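**Q** Under the working numbering, the first residue of the sequence shown is numbered 9, with each subsequent residue one higher. Handing you a structure now.
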Amino acid sequence: MSVETPRLARPDLRNFTPYGSAFRQAAWTDGISLDANENPYGPLIDGEVFKELNRYPEPQPLALIQRMAALYGVGPENILVSRGADEAIDLLTRGFCEPGKDAVITFPPTFGFYETAARLHGVNVIAVNLERRFQFNLAHALSAIKAPGSVKLIYICTPMNPTGGVIERNEILDLCEAASNSLVVVDEAYHEFSDQRSLARDAADRENLVVLRTLSKAYGLAGARCGAAIAEKATINFLRRLIAPYPLPSPTIYAALSILSPSRLPIIEKRIETIKTERARILDCLRRVPEVSEVFPSQANFIYFEARDIERFAQRLRARGVRLRFRPDASPNGVRFSIGTREENDLALAALGADLTPEKRRLGEFVRDTNETRIAVSIDLDDAGDIRVDTGIAFYDHMLEQAAKHGGFSLRLACEGDLEVDPHHTIEDCALAFGSALRIALGDLRGVARFGFALPMDEAGAQILIDFSGRPLSVFSGEFAATHIGAYPTEMTDHVFRSFADSLRATIHLSVSGVNDHHKTEACFKAFGRALRQAIARKGDELPSTKGVLA
C-alpha cells in the first residue's frame, strides 16, 4: 500500500517505515493489555495522574489532538503533537534536509535552536540578518533562496524572539508563493500575546507551509513540554512516521487536556490580558528610565531594550537578585525582559531605576476539580469591568454575575459539571470555588472595611450582614413557593450562602421576604454583592480587628 509523502521530503526517507508502537488507544478500557512489555503494577506514587504510568500512552493522543485542532481552527489530520515545538523543529530538519546538501534559512537575531538542529544534522545555515530595528526584509529573503545549494527550510519566528516584533502575514504568504521548493516554517510560539491573525488555517491548505505552536508560553506548561506542528495532511502523516515512539508522557497529556478544558480557557484568556496590560505598563516605564537608550515594541510576553551601560545594569540586577536575559548576539547592550507578575515586574523595574507608584492588586484564582465538577475562578477586586460566568445553569450564571456586578469586581468562572445527574453539585461547588477565590484575593485582610448591607427588589426585600471574621457561619431566613427558577432549584439558595460562608470563612446572616421567588432570589445575590462592595473597600492598611487577627 502506497503512503502519501510530501513532495519536499528527503528522497531517502520517502518510503521510510516508522517504528511499530504497540497499539494504544484511550478508548481501550475493557481489555487486558499484554502487548507492550509493560509492568502490570502501577507506580508507587500517590496521585490520580500517576496511576497509569506503567502503561504506554497513545503515540498521538486523539483527545489532545482534537482539542488542539479546535483551539487552532484546523482538522485533527493537520496536527502533530510533539515534545514542545523543539521536537517538531528537529523532525522537520531530519525529514526534509539531506545532510551535506541542503540548507535552511534563518533571520537572526532569532531562536537559536533552528540553527542548532541544522548543525546537528549536517545541514548548512544561511543567515539573513534582520535590518536596523529588527525589521524583516522580504526582498533579502527572496535573494537568499536563490543562493547556490538547495534551501529546504525557511524558519520565521513571529512574534520574533528575542525582539518581540511581528512579520506581516501577507509577506509570509508571498514568501510561500515565491519559495515553492522550500518549506516555510512559521514559529508562532508567542502568537497568543499578539494582535496578528494566525497562519494555522493557511498551513492546513498549503503544501509548503508549517506552523509551530506551543503550550509553554500562554498556557503555562513550559515544564510539561507540549507543542504542535500544523500542516497539510501529507506532511503531518510523514512526520508521524519519523517521530519517536510515545513522544508525550502521560502526565504531559493529562496536563495539556486539563489546561485546554472549557473550564480553564476563560482564566487563561484573563491571564493573557493581564500580561498584555503589564507589557504596556513596562514599556512605558522603560521609556522613562534614563539609562535605557531604546525600547522596541513587542507583541510577545517579553520586551527587548538596549541599555547605555550594560555592565552597570548587570551589577544592579545582581545586587537586587533579579535575572533578565542579556542578548549580545542581538545587539551589544541588548536585554530581554520576560513579563512576570506585577510584583515581580515592579522589583525588576525598581532595580533598573524606574520611578514607580506601587500598587497591590487584589487577585484571586482558584481551581476545584472533583469527580462531579471541574471549576476555575478568577477574581480581581480592583477591576470592575470584566464579568463572565458559565456554569451551565443560566439563572445561576445571572445570579453570580449580579453578585460580582454589585460587588464592583471582575469575575470569570467556568464549570464543567454533571448536570445530567442534578444541578446540586455544580451549584454547591461553584459557590465554594467562588468563595475560595475571593478569600485568596482578600489576602491578609489588612485595609478592608470588613463589614456590610440591605437591599430591596421590587416587592421583595433582602437583608444581609457579612463579616470577614475568619469564623464560617451562615444563618438564612426565607421561604420559596416555587421549586425551580429555570433549571435552578430554589432550595439551593440557603446552601449557596452556606457554601460562600464556609469557603470565604465569613459570617453571613441573610433574610429575604416577598411574593415573587425570582425577585427574592435575585435580591439575595444583589444584596450579597452590595455587602461585598462595602466589606472589601480599602480603608488604610490596618487589620480591622482589636484582636490583631481574623481567624
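Heads up, the beta-carbon is just placed ideally off N, CA and C, and yes, glycines get one too. Note that the structure is predicted; figures quoted are calculated from it, not measured.
Mind checking L42: buried by the 16 CB within 10 Å criterion, or exposed?
**A** The predicted position of L42 is uncertain, since its pLDDT is 49 and thus under 50; a value taken from the coordinates is nonetheless stated next. Label assigned to L42: exposed.
**Q** Just the C-alpha distance for A77 and L268, rounded to the nearest angstrom, thanks.
**A** 11 Å
**Q** Whole angstroms are fine: how far does the CA of E314 sit from the CA of S339?
**A** 8 Å
**Q** For V57, count neighbouring C-beta atoms within 10 Å of its own C-beta (all shown protein chains included) and say buried if the count is 16 or more, exposed if not.
**A** exposed
**Q** By DSSP, does V89 sit in helix, in strand, or in coil?
**A** Note: V89 maps to strand in three-state DSSP.
**Q** At what residue ranges does the segment 209 to 297 contain a whole run of the beta strand (DSSP E), taking only runs of 3 or more?
**A** 217 to 222, 235 to 238
**Q** Mind checking which residues open and close the alpha helix (DSSP H) that includes A402?
**A** 402 to 415
**Q** If you follow the beta strand (DSSP E) that R420 is in, where does it begin and where does it stop?
**A** 418 to 425
**Q** What distance in whole Å lies between the Cβ atoms of G235 and L220, which are believed to be in contact at a cut-off of 8 Å?
**A** 7 Å
**Q** Contact check, I311 vs E200 under 8 Å by CB: the rounded distance?
**A** For I311 against E200, the beta-carbon gap comes to about 16 Å, at or over 8 Å, which does not count as contact.
**Q** Do F403 and Y496 count as a contact pair if the criterion is CB distance below 8 Å?
**A** yes
**Q** Within 10 angstroms of the Cβ of G157, are there 16 or more other Cβ atoms? Answer buried if so, exposed if not.
**A** exposed
**Q** Whole angstroms is fine: what's the gap from V303's alpha carbon to A135's?
**A** 25 Å
**Q** For a test of the three-state rule: what should DSSP assign to S190, helix, strand or coil?
**A** coil
**Q** Can you tell me the Cα-Cα spacing of I544 and R513, whole angstroms?
**A** 14 Å
**Q** Alpha carbon to alpha carbon, how far is T381 from L21? Give it in angstroms, no decimals.
**A** 47 Å
**Q** Check the DSSP bridge columns for N132 and list the partner residues they point to.
**A** A111
**Q** Measuring alpha carbon to alpha carbon, tell me which residue in H503, E351, R214, D452 is nearest E550.
**A** D452
**Q** Is it a yes or a no for the segment 169 to 179 touching the segment 97 to 111, going by three-plus beta-carbon pairs under 8 Å?
**A** With the cut-off at 8 Å, the segment 169 to 179 and the segment 97 to 111 do not touch.
**Q** Would you call the CB atoms of P170 and R344 closer than 8 Å?
**A** Result yes, Cβ atoms of P170 and R344 sit closer than 8 Å.
**Q** Look up M9 in the DSSP assignment and say whether it is helix, strand or coil.
**A** Confidence at M9 is low in this model, with a pLDDT of 42, below 50, so its placement is unreliable and no value can be given for it.
**Q** On the three-state DSSP scale, how would you describe Y80?
**A** helix
**Q** Quick check: the Cα distance between A35 and T166, rounded to an integer number of angstroms?
**A** Any reading at A35 is ruled out, since the residue's pLDDT is 46, under 50, leaving its predicted position unreliable.
**Q** Sorted by chain position, which residues of the same chain lie with C-beta nearer than 7 Å to D213's C-beta, five sequence neighbours on each side aside?
**A** Exclusion of the five residues before and after D213 leaves E240 as the residues of its chain whose Cβ lies within less than 7 Å of its Cβ.
**Q** Does the distance from the CB of R249 to the CB of P84 come in under 8 Å?
**A** Cβ distance not < 8 Å, so R249 and P84 don't count as in contact.
**Q** My output table needs one value for W36: the three-state DSSP class, helix, strand or coil.
**A** Low confidence applies to W36: its pLDDT is 49, below 50, so where it sits in the model is not reliable enough to give any reading.
**Q** Return helix, strand or coil for C165, following the three-state DSSP convention.
**A** strand
**Q** Excluding sequence positions up to five away, which residues of its chain have a Cβ less than 6 Å from the Cβ of F533?
**A** M407, Q410, A411
**Q** Which stretch, first to last residue, makes up the alpha helix (DSSP H) that contains L150?
**A** Segment 146 to 153, the alpha helix (DSSP H) holding L150.
**Q** What residues in its chain sit with their C-beta under 7 Å from that of D405, if we drop five residues either side in the sequence?
**A** V397, D398, T399
**Q** Could you give the C-beta distance for Y163 and T114, rounded to a whole number, given that I count them as a contact under 8 Å?
**A** 5 Å
**Q** With hydrogens ignored, establish whether the beta-carbon of L291 is closer than 7 Å to any heavy atom of the ligand GDP.
**A** Looking at this structure, you won't find the ligand GDP or any other ligand, since it has none at all.
**Q** Is the segment 120 to 127 in contact with the segment 279 to 297, if contact means three or more CB pairs nearer than 8 Å?
**A** no
**Q** Closest to L450 by C-alpha separation, out of N353, L371, Y198, V218, would be which residue?
**A** L371
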